[in-house]
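First up is the structure itself, then whatever we jot down about it.
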Amino acid sequence: MNAGKYKALWEVSEYQKQSLYEMVRLLAERLDEVLKKAEEAEKHCLDNQERKEDLEKQLEIQKEARLATAKAAKKEKPKRPVAGGENMPIEDRLEAVREENIFLKNFLHKIIEAKEEDLKLYRFTMKSVRVQYLEAMEEIKTKKAKQEEEKATKK
């Protein structure tokens, strides 16, 4: 009779163990995906940072050119072409890069929050499985104690 109970508890614990392994595997996959996306976002952010620095240098060059033209009004200097020959003014391009950086920062924060939620879910699941396991063990102990009492009273 006890063997059947222990076998049932063992089967339940094995099932819970397998479900936890599966959950850990899924969480690990999600974490890998998030880390990969974060890595890509970081690379993109670094590229944007480099672009921003280049644009700031070009802006500084343009400001210096404007000052030089103001000082020497007689001479007209041709404007230097903007990187890539884009039609957009540097100030607008800098603002676009800043907005993109803000977007990427927000994206990374959302990923971190999602990871934290996954970890909270994992901790909650582990706590509930632990509680169930401890309750089952306590139940086995009480049943065993009752059976021993019954055997002792029968003698």
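In this text, residue positions in the sequence shown follow our numbering: the first is 2, and each later residue adds one.
Beta carbons are placed, not taken as given, at the ideal position from N, Cα and C, and that holds for glycine.
Check                                                                                                                              : Outcome
When burial is assigned at 16 or more other CB atoms within 10 Å of the CB, is residue 138 buried or exposed?                      : exposed
Is the CB-CB distance between residue 109 and residue 29 below 8 angstroms?                                                        : no
Whole angstroms are fine: how far does the CA of residue 115 sit from the CA of residue 7?                                         : 39 angstroms
What three-state label does DSSP hand residue 102 in the structure shown?                                                          : helix
For residue 24, tell me which candidate among 56, 122, 102 has the shortest Cα-Cα distance.                                        : 122
How about the stretch 57 to 71 and the stretch 138 to 150: do they share at least three Cβ pairs that are nearer than 8 angstroms? : no
May I have the straight-line CA-CA distance separating residue 32 from residue 17, to the nearest angstrom?                        : 22 angstroms
Taking DSSP as the reference, what is the three-state secondary structure of residue 53?                                           : helix
Give the straight-line distance between the Cα atoms of residue 128 and residue 98, rounded to the nearest whole angstrom.         : 45 angstroms
I'd like to know whether the C-beta atoms of residue 91 and residue 60 end up nearer to each other than 8 angstroms.               : yes
Going by other Cβ atoms of all chains shown within 10 Å of its Cβ, with 16 needed for buried, is residue 27 buried or exposed?     : exposed
Thinking C-beta only, is residue 45 closer than 8 angstroms to residue 105?                                                        : yes
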